[in-house]
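First to last, the sequence lines map onto chains R and B. Using numbering that gives the first Met the number 0, the first residue of the first sequence is number 0, and each one after it goes up by one. Using numbering that gives the first Met the number 0, the first residue of the second sequence is number 0, and each one after it goes up by one. What follows is a single structure, written as C-alpha cells, with notes after it.
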Amino acid sequence: MATMTRRRYGRLTKHAEGAIAAHLEARIAQSLSTEPADRERVERGITACYRFAGCEPPKSILWIDSPAAMVAGPIAAGIIDCWARGVFIPASGRVAEDVAEYVRPYIAGSVPATVIDLVRAAVGSDPSTWARPGDIWYYRSDENLTIALRNACGNAVEEAIRAATGNRLYSRLRDEIGNNRSRPGGSAKRAVGTARFTAKDDARRGNGLPRPLDFNWTIHRTWDYVLHGRAGGPNEGDRCLTSFFRDVVGAAKLSTPHEMWERSRAFDDMRSAGELWPHRGFCIVTHPPVELHLEVVVDEYGYRSLGLHNAAGPAVVWRDGTAQWYLNDTYIDSAPASAGPLQSRLTADRITTMPNAEKRRVLVSLYGRNRYLRDAHAVRLDAEYPPPGNEWTPPTDVRYRALWRLDQPGDEPIVVVDVINQTPEPFGAVADGEAFLAIDGRVWRRYMLRVPPTMTNCAEAVAWTCGKTAATYAPQIES
Amino acid sequence: MTFQVRQGDVFIERLGDRPEAVGAEIERDNGRLLLALGEATGHAHAILEQGVSLFILPETDDRLLLVSGSGARLVHEEHAPISLPAGSYVVRRQVEYSPEAIRPVAD
Numbered sequence: 000m001a002t003m004t005r006r007r008y009g010r011l012t013k014h015a016e017g018a019i020a021a022h023l024e025a026r027i028a029q030s031l032s033t034e035p036a037d038r039e040r041v042e043r044g045i046t047a048c049y050r051f052a053g054c055e056p057p058k059s060i061l062w063i064d065s066p067a068a069m070v071a072g073p074i075a076a077g078i079i080d081c082w083a084r085g086v087f088i089p090a091s092g093r094v095a096e097d098v099a100e101y102v103r104p105y106i107a108g109s110v111p112a113t114v115i116d117l118v119r120a121a122v123g124s125d126p127s128t129w130a131r132p133g134d135i136w137y138y139r140s141d142e143n144l145t146i147a148l149r150n151a152c153g154n155a156v157e158e159a160i161r162a163a164t165g166n167r168l169y170s171r172l173r174d175e176i177g178n179n180r181s182r183p184g185g186s187a188k189r190a191v192g193t194a195r196f197t198a199k200d201d202a203r204r205g206n207g208l209p210r211p212l213d214f215n216w217t218i219h220r221t222w223d224y225v226l227h228g229r230a231g232g233p234n235e236g237d238r239c240l241t242s243f244f245r246d247v248v249g250a251a252k253l254s255t256p257h258e259m260w261e262r263s264r265a266f267d268d269m270r271s272a273g274e275l276w277p278h279r280g281f282c283i284v285t286h287p288p289v290e291l292h293l294e295v296v297v298d299e300y301g302y303r304s305l306g307l308h309n310a311a312g313p314a315v316v317w318r319d320g321t322a323q324w325y326l327n328d329t330y331i332d333s334a335p336a337s338a339g340p341l342q343s344r345l346t347a348d349r350i351t352t353m354p355n356a357e358k359r360r361v362l363v364s365l366y367g368r369n370r371y372l373r374d375a376h377a378v379r380l381d382a383e384y385p386p387p388g389n390e391w392t393p394p395t396d397v398r399y400r401a402l403w404r405l406d407q408p409g410d411e412p413i414v415v416v417d418v419i420n421q422t423p424e425p426f427g428a429v430a431d432g433e434a435f436l437a438i439d440g441r442v443w444r445r446y447m448l449r450v451p452p453t454m455t456n457c458a459e460a461v462a463w464t465c466g467k468t469a470a471t472y473a474p475q476i477e478s
Numbered sequence: 000m001t002f003q004v005r006q007g008d009v010f011i012e013r014l015g016d017r018p019e020a021v022g023a024e025i026e027r028d029n030g031r032l033l034l035a036l037g038e039a040t041g042h043a044h045a046i047l048e049q050g051v052s053l054f055i056l057p058e059t060d061d062r063l064l065l066v067s068g069s070g071a072r073l074v075h076e077e078h079a080p081i082s083l084p085a086g087s088y089v090v091r092r093q094v095e096y097s098p099e100a101i102r103p104v105a106d
C-alpha cells in the first residue's frame, strides 16, 4: 500500500521570521483589550470546544460583569463545604438562605442570584466537587472538564503542530515567544503564583474559612486570574504559537489535519472574553474589564514590562463598577471609582497603619516622603551615613539608615527604621518617586519598617527585625 | 559569628546541627522552592536547584533549609542572587512590630 508522506515544515521563511514580533504584539493588545466581548463568538467557541472534548454543549452560558461575581461562587461553595464538614454551623438550619445572607453584603447586589444557585447546585450534587477548606479560591470550574477542554483544543493542536514542524523549530519559537511574552504578562503571572502560595499556606494553617476581610483580597487575586487567563496563562505561549502558524505562516503549509485548526480557532474564540467556569450543563464567563491602566517600563536590555498603575483612579474597572487600585503594579485597595483620586484619600495616619510594607512604600512616594514624616510629627532618633544637612536632606549613601519616632497622642509612639534595599533596581524608568533613592543614575528601593518603641538606634532595630540582637547580627551578604 | 545572609526581607543563618524536631516538608511550587512570597508584588525568594529541601520548624514561623551537593542559589526578582553552600540553615522572615503581634514583613 502506498503511503503518502509530507515533509516537515522545519524552517520559517524570512517573511514569517519578521512577522513574529508583530504577531506577539497583536496577541498582547488583544489580551489587554477593554472592548466588550463578542458574545456570539465566545458562545460559539464554548459550544464547539465542549463538542471537541466529547461533551454535550452547556445548556446555558451565563455572563457576569466582574470578578466580584466570580468570587461569589467560590465563597458560596466554600461555605457550603465548611457547613457540610461541620466546620461552620450556620445560625439557622437552611443552608441556601445562610449562604445568600453571608455573601450578599460583600457582593453589593452585583451577582445574579442564578450564579449562586448554579454553583450550589453543582457542589450540592456531587461531594467530590466540593472545595476543600483553603482551596475555595480555586473552586472555579469542573476540573475534569477544564482539563478535557484544554486537552482537546489546546494540547492536541500543539502536539499536531509540533509533529508537523519538528521539535527544533517549535521549541525555538516557543522559547522566543515565551521570553518576550512573559514580561507583559509578568505582573499577572507573579500574582497568580502569590495566590497559589497563599492559599496553600492558608490551607496548611487551617485558615480555610472565608472571612469578610478576604473578600477584596480575593477579588484582587481573581482579577489576576482573569488577566492571567487572557494574557499570561501557562499555555498562552503555545496558543500564541498555534495562532502564529495558523494565521501568519498559513495552515496549508503544515501537514496538520484541518480539524486541528478548527479546534484552535474554537479555543481562541472561547477564551476571547474573561475567565471561564466550565461545568457540565452550564458555563459561566466574565466580560472583560472596561478600564485598564498600565504603565510601561523599559529595562536596560530594552524589554518592555507592563504594570498596573493609576494614581488618579482605579487601574481596573469592571462593568458593574467594582474596581481595583494599583500603584506601580502594587495592589492598594478595592475602593469604588467614585472614591476620588488616591492622593485625596491618603493621610499620614492611613499610611502609618497600613500593614503591608510594599504598599506603605508606594503610598509614601505618592504622598511625599518628607511631607509624610512631617505630618506624622516624626523625630529622627538615630542615623547611619547621614548626608550633610538636616534630617530632611535626601541621603547620598545606600548604607544610610535612620530611626524615626512618630508620636501618637494617647498611644505608644510608633518607631520605624528607614532602610534601603542593597540591590539597585534593574528598571531605571520607575525611579521617579520618593520610594526610591537615586544616586548617579542608579536607584534603590526605600522601606520603613515598624520596630518596638523601645529601640534607640538603627543597629538594634534592624537586628530585631531578623530576630537577633545588635551583637549577634552581622550578615556577610545583603542584597 | 555564624554565616548569615539577608536577601530583602528573608534572613538566613547557618546552623551547627540540624534540629531534632522538624515539621512537614514544604512542597515545591511549579518546580520552585519558595522561601517567601510577596503578597502585593508576587515576587518570590526561591531556589530552583534540586537537592534542596524546606521544612516547617514547629512552634515558630521559621523554616529549616537543607542544602546538599554543590549548594544552591537563592534568587528573587528584585535582589541579587545569593549562593548558599551545602549545609543546614534556618530561614526567617523579617518581622515588624505592631502592638497586637509581631508579624512577618508583608510586601
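From the three backbone atoms N, C-alpha and C, an ideal C-beta is built for every residue, glycine too.
So R/Val416 and R/Val461 are in contact, right, with Cβ under 8 Å, and what is the actual spacing, rounded?
-> Here the question's residue 416 of chain R lines up with position 417 in the first sequence. Here the question's residue 461 of chain R lines up with position 462 in the first sequence. Contact flag correct, Cβ pair sits at about 6 Å.
Proximal residues of chain B, C-beta to C-beta of R/Arg449 below 8 Å | Counting from 1 along the first sequence, the entry for residue 449 of chain R is found at position 450. Neighbours of R/Arg449 on chain B, chain order: Glu95, Tyr96, Ser97.
Is there contact between the segment 270-278 of chain R and the segment 247-255 of chain R, where contact requires at least three CB pairs shorter than 8 Å?
-> no
In angstroms with no decimal places, state the Cα-to-Cα distance between B/Leu14 and B/Val89.
-> Here residue 14 of chain B refers to the residue found at position 15 when the second sequence is read from its first residue. Here residue 89 of chain B refers to the residue found at position 90 when the second sequence is read from its first residue. Computed Cα separation, rounded: 7 Å.
R/Ile176 - DSSP class collapsed to helix/strand/coil = Taking the first sequence and counting its residues from 1, one reaches residue 176 of chain R at position 177. If DSSP states are grouped into helix, strand and coil, R/Ile176 belongs with the helices.
Does the Cβ of R/His278 have 16 or more other Cβ atoms within 10 Å, making it buried, or fewer, making it exposed?
-> Counting from one through the first sequence, the residue named residue 278 of chain R turns up at place 279. Result: buried.
Based on Cα-Cα distance, which residue from R/Pro474, R/Glu459, R/Ile476 lies nearest to R/Thr468?
-> Working through the first sequence from its first residue, we reach residue 468 of chain R at position 469. For R/Thr468, the nearest C-alpha among the options comes from R/Glu459.
Go ahead and pull the three-state DSSP assignment for R/Leu341.
-> Working through the first sequence from its first residue, we reach residue 341 of chain R at position 342. The answer is helix: DSSP assigns R/Leu341 an H, G or I state.
Please confirm whether any heavy atom of the ligand GDP lies closer than 6 Å to the CB of R/Ser364.
-> The ligand GDP is absent from the structure shown, which contains no ligand whatsoever.
Could you work out which residue in R/Trp403, R/Arg10, R/Val315 is closest to R/Arg161 when comparing CA atoms only?
-> As a first step, residue 161 of chain R must be located in the first sequence, where it is residue number 162. Cα-wise, what sits closest to R/Arg161 is R/Arg10.
Helix, strand or coil at R/Gly273 [DSSP, three-state] = As a first step, residue 273 of chain R must be located in the first sequence, where it is residue number 274. The answer is coil: DSSP assigns R/Gly273 none of H, G, I, E or B.
Quick one: does B/His78 have its CB under 7 Å from some CB of chain R?
-> Position 79 of the second sequence holds residue 78 of chain B. Taking Cβ atoms only, chain R reaches closer than 7 Å to B/His78, which makes this a yes.
For the beta strand (DSSP E) containing R/Val461, list its first residue and its last residue.
-> Sequence index remark: in the first sequence, residue 461 of chain R carries index 462 (1-based). It is not in any beta strand (DSSP E) - R/Val461 instead sits in the alpha helix (DSSP H) that spans 457-464.
Does the pairing of the segment 49-67 of chain B with the segment 14-31 of chain B give three or more beta-carbon distances under 8 Å?
-> yes
By DSSP, does B/Leu14 sit in helix, in strand, or in coil?
-> Within the second sequence, residue 14 of chain B is the residue found at index 15, counting from 1. Residue state, collapsed to three classes: coil.
Residue-level contact to chain B via CB, R/Thr422, 7 Å cutoff = As a working note, residue 422 of chain R is residue 423 in the first sequence. Yes, R/Thr422 counts as interfacial toward chain B.
Pull out every residue of the segment 341-364 of chain R whose Cβ sits closer than 7 Å to any Cβ of chain B, in chain order.
-> Pro354, Asn355, Ala356, Glu357, Lys358
From which residue to which residue does the alpha helix (DSSP H) around R/Ala356 run?
-> As a first step, residue 356 of chain R is located in the first sequence; it is residue number 357 there, counting from the start. That run of the alpha helix (DSSP H) goes 356-366.
For R/Lys358, does the count of other Cβ atoms within 10 angstroms reach 16, so buried, or fall short, so exposed?
-> Position 359 of the first sequence, counted from the start, is the residue given in the question as residue 358 of chain R. By the 10 Å Cβ count, R/Lys358 comes out buried.
Is R/Met259 helix, strand or coil when you go by DSSP?
-> Numbered from 1 along the first sequence, position 260 holds the residue referred to as residue 259 of chain R. Correct three-state label for R/Met259: helix.
Range of the contiguous beta strand (DSSP E) that encloses R/Gly44 | Residue mapping note: residue 44 of chain R aligns to position 45 of the first sequence, counting from 1. First-last for R/Gly44: 38-51, but that is the alpha helix (DSSP H), not the beta strand (DSSP E).
Compute the Euclidean distance between the alpha carbons of R/Ala382 and B/Val4, then round it to the nearest angstrom.
-> Here residue 382 of chain R refers to the residue found at position 383 of the first sequence. Here residue 4 of chain B refers to the residue found at position 5 of the second sequence. Going by the C-alpha atoms only, they are around 23 Å apart.
Would the segment 340-348 of chain R and the segment 316-323 of chain R be scored as touching if the rule is three or more Cβ pairs under 8 Å?
-> no
Taking only beta-carbon positions, decide if B/Arg91 is within less than 7 Å of chain R.
-> Within the second sequence, the letter at position 92 stands for residue 91 of chain B. Chain R contact via Cβ: present.
Can you tell me the Cβ-Cβ gap for B/Ser82 and B/Gly70, rounded? I've got them flagged as a contact below 8 Å.
-> Position 83 of the second sequence, counted from the start, is the residue given in the question as residue 82 of chain B. Position 71 of the second sequence, counted from the start, is the residue given in the question as residue 70 of chain B. 6 Å between Cβ atoms; contact.
DSSP beta-bridge partners for B/Ser52?
-> Working through the second sequence from its first residue, we reach residue 52 of chain B at position 53. The partner list for B/Ser52 (beta bridge, DSSP) reads B/Leu65.
Would you report the Cα separation of R/Phe435 and R/Trp443, rounded to the nearest angstrom?
-> The count along the first sequence starts at 1 and reaches residue 435 of chain R at position 436. The count along the first sequence starts at 1 and reaches residue 443 of chain R at position 444. Each residue's alpha carbon lies about 5 Å from the other.
Can the beta-carbon of R/Ala347 be found less than 7 Å from the beta-carbon of R/Ala310?
-> What you label residue 347 of chain R is simply residue 348 of the first sequence in a count that begins at 1. What you label residue 310 of chain R is simply residue 311 of the first sequence in a count that begins at 1. For R/Ala347 and R/Ala310, no; Cβs fall outside 7 Å.
Quick one, are the C-beta atoms of B/Ala35 and B/Arg92 less than 7 Å apart?
-> Within the second sequence, numbered from 1, the residue matching residue 35 of chain B stands at position 36. Within the second sequence, numbered from 1, the residue matching residue 92 of chain B stands at position 93. Yes, the Cβ-Cβ distance between B/Ala35 and B/Arg92 is below 7 Å.
Rounded separation between B/Gly37 and B/Asp60 - CA only | As a position in the second sequence, residue 37 of chain B is number 38, starting the count at 1. As a position in the second sequence, residue 60 of chain B is number 61, starting the count at 1. Spanning the two alpha carbons is a distance of roughly 16 Å.
How would you list, in chain order, the residues of chain B whose beta-carbon sits under 8 Å from the beta-carbon of R/Gln475?
-> Position 476 of the first sequence holds residue 475 of chain R. Chain B residues near R/Gln475: Phe2, Gln3, Val4.
Can you check the segment 381-438 of chain R for any beta strand (DSSP E) of at least 3 residues that lies completely inside it and give the ranges in chain order?
-> 400-405, 413-419, 435-438
If I'm right that R/Tyr366 touches R/Leu345 with Cβ under 8 Å, what's the distance once you round it to whole angstroms?
-> Within the first sequence, numbered from 1, the residue matching residue 366 of chain R stands at position 367. Within the first sequence, numbered from 1, the residue matching residue 345 of chain R stands at position 346. Correct: roughly 5 Å between the Cβ atoms.
Excluding five sequence neighbours on each side, which residues of the same chain lie with their C-beta closer than 7 Å to the C-beta of R/Thr422?
-> Translated into positions along the first sequence, residue 422 of chain R becomes position 423. Excluding residues within five positions, the ones whose Cβ falls inside 7 Å are Ser478.
Report all residues from its chain with a CB closer than 7 Å to the CB of R/Glu390; omit the five preceding and five following residues, and keep chain order.
-> Walking along the first sequence from the start, residue 390 of chain R turns up at place 391. Only Arg379 meet the Cβ criterion.
Per DSSP, what kind of secondary structure is B/Val94 in: helix, strand or coil?
-> On the second sequence, residue 94 of chain B is found 95 positions in, with the first residue counted as 1. Note: B/Val94 maps to strand in three-state DSSP.
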